[in-house]
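Undergrad: In the numbering used here, the protein residues as written are 253 to 1130. First, the structure itself, so that you have it in front of you.
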Amino acid sequence: MRFYLENKDSVLQKCKSTSKGLSSEEAAARLERNGKNKLAEENRVPLWKRLLAQLSDPMTIILLVAAILSGVTAAYSGESYADVFIILFVVIVNAILGVLQESKAEKAMEALKKMTAATSKVYRNGEITSVKSEDLAVGDVVLLEAGDSVPADCRVLESVSMKAEESSLTGESVPVEKATDALPLNGQKDISLGDRTNMVFMGSTIVYGRGKAVVTAVGMDTEMGKIASVLVNAKHNLTPLQIKMKQLSKILTWLVIGICAVIFVFSLIRSGNFSEKSIINVFMIAISLAVAAIPEGLAAVVTIVLSIGVSNMSKRNAIIRRLTAVETLGCAQVICTDKTGTLTQNRMTVVDHFTDSESVLATALALCSDSRLGHDGKAIGEPTENALVNYATSLGLKKNELEESAPRVGEIPFDSGRKMMSTVHPTQEGFIQYTKGAPDVILKHCTCVYKGGREIPLTPEMRSQILGENKRMADKALRVLGSAFRRYSTKPSSYKSSDMEEKLTFIGLVGMIDPVRPEVEAAVNECRGAGIRVNMITGDHKDTAAAIASQLGILKDPSQAITGAELDDLSDEKLEKNVDKYTVFARVQPEHKVRIVNAWKKRGMITAMTGDGVNDAPAIKSADIGVGMGITGTDVTKNVADMILADDNFATIVSAVEEGRRVYDNIRKAIQFLLSSNISEVISIFVATMIGFTILKPAHLLWINLITDCFPALALGLEKKENGLMSRSPRNPKEGFFARGMGADLIYQGVLISIVTLVSYFVGHFMEHGVWEIAESPDGMTMAFLTLSMAEIFHSFNMRSQRNSIFSLHCQNKALLGAMLGSLVLTSVVIFVPPLANAFGFMKISAEEYFTAMLLAFSVIPVVEIVKFFQRKLERRR
Ligand code: ATP
């Protein structure tokens, strides 16, 4: 249907709608009939494919080869198939766990997607309400304004200088001005997408003005839907940490396979026995080394801990849109924040004014606002404008009555670059334009002032008196707006700011209070303790900004405040050099935000930047962590943000930083745990093999690595924040994963666990044979298995803090206690339940042997505690 060729009425008729939209019942019926307004989802990978993907890992392939070889030997030699079953069982359980973890992480991200679902303002039953964009039906009439994403394909019914950016569809980056009249074909066959100026399309954004439009196509029927298959298959991005871990796993895997090949050849030559049985024996040793060394759970643990972090953050109102943000938040060094709504409550009330006629002032301000008066007599709309409409009401001037006698016939919408807004209304003599905006800006365009019912020329004395009043209010932390008017004898024909917002007559000023959010001062303090700088960036007046910033402890000295105009005088190099001298940037334009972010970034600082308006998107994009506002933010900024604040609150950013730090800490803990366990296994097997003993079989190591180890690793990911988390400086984003002593810790702890394991084996071996001879020792093997698995479990408690004593940690990690219990049960089951013990080749050990093995395992706690004690001493001395 080519709606752009038809006039508005015929479009409404064809869509079976009216200019006041549909009824709720009709919309629901149409939704039921035609489906939701959303693009087809990515096809879910079927379960069998996911399982197969888990099995295609090189590590798993080696294990499957080992299973086949064991099977073949068992068939030839008539030995039991136990090894085959154990290996297959572990491989399958591991693949299932892998799929479960993956889908858990996916579910967390899906839940977040739902939370950030777009909404639209739409007429239902003749009233404006907000509905989820996916619940729009053909015939719905939507309201669009600057910053909105267009939710579906629509025919424009009303346009007030409305411009849309349609580059995602047409490639054209210059916004297109929208009109309402039917388009002529002029002999062409059709009109190209970019020239359909009376239509707006799903996926484009309104960048200026406002308007009304009727939905003509939804979901896959939209122009976007036609090309959606391109978008649906967008790849999921991995975070730097995930990429690093994937790489590390890969390198380790191939390294280990290389070493195993060498050991295989070496052992075979040393044994001098090339019989089938010997080859398979040696091969099994090499396999056990591979199993021991490859940290199977590494990548999975990172992913799952990150996704736990994401859901924790969302519980604290920080909604993560890109997983990378979780990591980056932990290294945030600068937070650049808006003032209105983020540091303050955005609940404005007029408390001061300066004018010759308060009723003229209030009338002008109320008429020049988009806020409406609700049924309860309170204003509905944007907070600044609500304050103005409520102010007029308090003087007995109701906005709806004012508008009835002087309806709006034209307007130039507000934009934060101009910092003004104008509307035109009919009067008895002709027309009047009311303009409101930043007082300093308004005053620049005034030539007269309204006094004693007359327009008299504005003298320099009056000008400085007005500016003085502005400063008086701003110093009290009030947000000040100025108002002016201009008369016309005939209706203006074009609505251009440069023509109309000139030669104005000044009416007066109002000062609005916007109380600061009570929790922000503490959050700013916390940032200071955490080595994070806070910058206030605001469109508001310097004095207002400075007054609020010093209330919050952001500004210590007036010299730390700078205005956008002063920034214009600084070159980019100068700004980069001096950016740390300022904490308050006032009267800025959105472009300044980009310069400030870039200056910080050039200095190598990880910067978070908040934004809400249409023009903030570039700054949010440039920042390391772009922060969008959930309540006041426009779709445009939300779409480019890495994180959205559901409550617009500055304190939420700080708690997200805290969570980011905790997540990174926990990932480090889990990885240190996994890698030190792997190292201990490699050393134990390697040493034992070199001196001719078999202390553990591949099946044993598999059981430990893939079954008992994964619970403590995940439990470490749930560890609560450590004391002092927010009193250390931000992590250096460039630091390697093994920095801050982790590499050395990992190695000594690995050595420690292998020593206790080897000792345990030899104790068992000695108790069984009574003499030192090279022979198989089921007792020794059982003890080594018990010691190794339990030492790793105990070691996971050591990992609760890299340097602090575990006895100094206040809260318990219940998940870790549970993991210990679970692992203890699993270990005991394979040792003591006869059929399983037989399959694993374990012996029923004596109570003495059991306690010796446990004691050896437990010794890792006191030893690591002692080392930590000296490490702390050393660090303090440094
Ligand atoms: P922040 O950047 O901290 O959110 P802000 O809301 O003051 O602060 P802008 O929305 O860019 O930033 O507004 C800039 C200035 O424009 C304000 O200080 C005010 O003087 C003026 N202003 C704000 N809203 C309106 C409006 N609806 N109509 C006219 N002028 C406005």
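For each residue, glycine too, the CB sits at the ideal point set by N, CA and C.
Apart from the five residues just before and just after Phe666, which ones in its own chain have a Cβ nearer than 8 angstroms to its Cβ?
TA: Your numbering for residue 666 matches position 414 in the sequence shown. These residues qualify, in order along the chain: Met672, Met673 and Gly689.
Undergrad: Among residues of its own chain, excluding the 5 on either side of His1021, which ones have a beta-carbon nearer than 8 angstroms to its beta-carbon?
TA: Here residue 1021 refers to the residue found at position 769 when the sequence shown is read from its first residue. Taken in chain order, the residues that qualify are Ala1027 and Ser1029.
Undergrad: State buried or exposed for Trp300, treating a residue as buried only when at least 16 other CB atoms are found within 10 Å of its CB.
TA: By 1-based counting over the sequence shown, the position of residue 300 is 48. Exposed, since its Cβ has fewer than 16 Cβ neighbours within 10 Å.
Undergrad: Can you name the start and end residues of the beta strand (DSSP E) that Tyr686 belongs to?
TA: For the purposes of this step, residue 686 is taken as the residue at position 434 of the sequence shown. It spans Phe683 to Gly689 - the beta strand (DSSP E) in which Tyr686 sits, taken as one unbroken run.
Undergrad: Do Ile956 and Phe1037 have their C-beta atoms closer together than 9 angstroms?
TA: The residue given as residue 956 occupies position 704 in the sequence shown. The residue given as residue 1037 occupies position 785 in the sequence shown. Cβ atoms of Ile956 and Phe1037: closer than 9 angstroms.
Undergrad: Do you know offhand how far Ala618's Cα is from Asn638's?
TA: Within the sequence shown, the letter at position 366 stands for residue 618. Within the sequence shown, the letter at position 386 stands for residue 638. Distance between the alpha carbons of Ala618 and Asn638 is about 9 angstroms.
Undergrad: Going by DSSP, what residues sit across from Tyr1013 in a beta bridge?
TA: Translated into the one-based positions of the sequence shown, residue 1013 becomes position 761. Bridge partners of Tyr1013: none, in fact.
Undergrad: Which residues in the same chain as Lys487 place their Cβ atom closer than 8 angstroms to its Cβ, once the five residues preceding and following it in sequence are excluded?
TA: For the purposes of this step, residue 487 is identified with residue 235 of the sequence shown, where counting begins at 1. Interpretation of Lys487 is limited by its pLDDT of 44, a score under 50 that renders its predicted location unreliable; the figure taken from the coordinates is listed afterwards. Closer than 8 angstroms at Cβ, skipping near neighbours: no residue.
Undergrad: Grouping DSSP H, G and I as helix and E and B as strand, with all else coil, what is Ala570?
TA: Locating residue 570 in the sequence shown gives position 318, where the first residue counts as 1. Correct three-state label for Ala570: strand.
Undergrad: Is the CB-CB distance between Gly455 and Glu424 below 9 angstroms?
TA: Against the sequence shown, residue 455 aligns to sequence position 203. Against the sequence shown, residue 424 aligns to sequence position 172. Taking 9 angstroms as the Cβ cut-off, Gly455 and Glu424 do not qualify as a contacting pair.
Undergrad: Which ranges would you report for the alpha helix (DSSP H) in the stretch 829-882 if only whole runs of at least 4 residues count?
TA: Correct list: 842-854 and 869-874.
Undergrad: Can you give me the start and stop residues for the beta strand (DSSP E) that Ile458 sits inside?
TA: Position 206 of the sequence shown holds residue 458. Segment Thr457 to Ala469, the beta strand (DSSP E) holding Ile458.
Undergrad: Can you tell me whether Asp590 sits near the ligand ATP, meaning its C-beta is under 8 angstroms from at least one heavy atom of the ligand?
TA: The count along the sequence shown starts at 1 and reaches residue 590 at position 338. Yes; taking the cut-off as 8 angstroms, the Cβ of Asp590 has a heavy atom of the ligand ATP nearer than that.
Undergrad: Could you tell me if the beta carbon of Ile789 falls within a distance shorter than 8 angstroms of some heavy atom in the ligand ATP?
TA: As a first step, residue 789 must be located in the sequence shown, where it is residue number 537. Ile789 Cβ: within cutoff of the ligand ATP.
Undergrad: Note down the Cα distance separating Val845 from Ile877, rounded to an integer number of angstroms.
TA: For the purposes of this step, residue 845 is taken as residue 593 along the sequence shown, with counting starting at 1. For the purposes of this step, residue 877 is taken as residue 625 along the sequence shown, with counting starting at 1. Per the sequence shown, residue 845 should be read as Lys rather than Val. The alpha-carbon atoms of Lys845 and Ile877 are separated by roughly 14 angstroms.
Undergrad: Tell me, please, which residues DSSP counts as bridged to Met536.
TA: Counted from its first residue, the sequence shown places residue 536 at position 284. In DSSP, Met536 forms no bridge with anything.
Undergrad: With burial defined as no fewer than 16 other Cβ atoms inside 10 Å of the residue's Cβ, what is the status of Ile942: buried or exposed?
TA: Position 690 of the sequence shown, counted from the start, is the residue given in the question as residue 942. Looking at the sequence itself, residue 942 is Met, so the reference to Ile does not match. Exposed, by the Cβ-count rule.
Undergrad: Does Ala996 pass the burial test, meaning 16 or more other C-beta atoms within 10 Å, or should it be called exposed?
TA: Numbered from its first residue, the sequence shown carries residue 996 at position 744. With fewer than 16 Cβ atoms within 10 Å of its Cβ, Ala996 is classed as exposed.
Undergrad: For Met672, write down the residues that DSSP places opposite it in a beta bridge.
TA: Working through the sequence shown from its first residue, we reach residue 672 at position 420. Note: Met672 sits in a beta bridge opposite Asp667 and Gly689.
Undergrad: In angstroms with no decimal places, state the Cα-to-Cα distance between Glu410 and Gly463.
TA: As a first step, residue 410 is located in the sequence shown; it is residue number 158 there, counting from the start. As a first step, residue 463 is located in the sequence shown; it is residue number 211 there, counting from the start. Approximately 5 angstroms, taken between the alpha carbons.
Undergrad: What's the gap between the Cα of Arg285 and the Cα of Ala279?
TA: As a first step, residue 285 must be located in the sequence shown, where it is residue number 33. As a first step, residue 279 must be located in the sequence shown, where it is residue number 27. Rounded to whole angstroms, Arg285 to Ala279 spans 10 angstroms at the Cα level.
Undergrad: Between the Cα of Val768 and the Cα atoms of Arg785, Ser735, Gly805 and Asn377, which residue gives the shortest distance?
TA: Translated into positions along the sequence shown, residue 768 becomes position 516. The option with the nearest alpha carbon to Val768 is Gly805.
Undergrad: Just to confirm the assignment: which complete alpha helix (DSSP H) runs, minimum length 4, are found wholly within the stretch 627-655?
TA: The qualifying runs are 635-646.
Undergrad: May I have a chain-ordered list of the beta strand (DSSP E) segments no shorter than 3 residues that lie completely inside the stretch 973-1013?
TA: Here no run is fully enclosed.
Undergrad: Any heavy atom of the ligand ATP within a distance shorter than 8 angstroms of the CB on Val849?
TA: By 1-based counting over the sequence shown, the position of residue 849 is 597. For the ligand ATP, not one heavy atom lies less than 8 angstroms from the Cβ of Val849.
Undergrad: Can you find the residues in the same chain that come closer than 6 angstroms, C-beta to C-beta, to Phe1049, ignoring five residues on each side of it along the sequence?
TA: The residue labelled residue 1049 in the question sits at position 797 within the sequence shown. Once the five neighbours on either side are set aside, the close Cβ partners of Phe1049 are Ile1058.
Undergrad: Rounded to whole angstroms, what's the CA-CA distance from Val482 to Ser523? Just pull it up for me.
TA: Along the sequence shown, read from residue 1 onward, the residue named residue 482 stands at position 230. Along the sequence shown, read from residue 1 onward, the residue named residue 523 stands at position 271. Below a pLDDT of 50, predicted positions are generally treated as unreliable, and Val482, at 47, falls in that range; the measurement from the model is reported next regardless. Going from the Cα of Val482 to the Cα of Ser523 covers about 60 angstroms.
Undergrad: Measure the alpha-carbon distance for Ala898 versus Ser1041 and round it to whole angstroms.
TA: What you label residue 898 is simply residue 646 of the sequence shown in a count that begins at 1. What you label residue 1041 is simply residue 789 of the sequence shown in a count that begins at 1. So the two alpha carbons sit approximately 44 angstroms from each other.
Undergrad: According to the Cβ coordinates, are Leu958 and Val342 closer than 9 angstroms?
TA: As a position in the sequence shown, residue 958 is number 706, starting the count at 1. As a position in the sequence shown, residue 342 is number 90, starting the count at 1. Yes; because the gap between Cβ atoms is below 9 angstroms, this pair is in contact.
Undergrad: Pick helix, strand or coil for Thr555, following the three-state DSSP scheme.
TA: For the purposes of this step, residue 555 is taken as the residue at position 303 of the sequence shown. Helix.
Undergrad: Whole angstroms are fine: how far does the CA of Lys873 sit from the CA of Leu948?
TA: Residue mapping note: residue 948 aligns to position 696 of the sequence shown, counting from 1. Residue mapping note: residue 873 aligns to position 621 of the sequence shown, counting from 1. Each residue's Cα considered, the two are about 53 angstroms apart.
Undergrad: Under 8 angstroms from any heavy atom of the ligand ATP, does the C-beta of Leu581 make it?
TA: Start at 1 with the first residue of the sequence shown, and residue 581 comes out as number 329. Leu581 Cβ: outside cutoff for every heavy atom of the ligand ATP.
Undergrad: Could you please give the first and the last residue of the uninterrupted beta strand (DSSP E) stretch that includes Tyr747?
TA: If you number the sequence shown from 1, residue 747 lands on position 495. Looking at the DSSP string, Tyr747 is not in any beta strand (DSSP E), and its letter there is neither H nor E.
Undergrad: Tell me whether Met600 sits in a helix, a strand or coil according to DSSP, three-state version.
TA: Along the sequence shown, one-based indexing puts residue 600 at 348. DSSP places Met600 in coil when its eight states are reduced to three.
Undergrad: CA-CA distance, Ala851 and Val866?
TA: The count along the sequence shown starts at 1 and reaches residue 851 at position 599. The count along the sequence shown starts at 1 and reaches residue 866 at position 614. Taking the straight line from one Cα to the other gives about 22 angstroms.
Undergrad: Work out the CA separation of Leu558 and Asn1065 for me, nearest whole Å.
TA: As a working mapping, residue 1065 is identified with position 813 in the sequence shown. As a working mapping, residue 558 is identified with position 306 in the sequence shown. Going by the C-alpha atoms only, they are around 18 angstroms apart.
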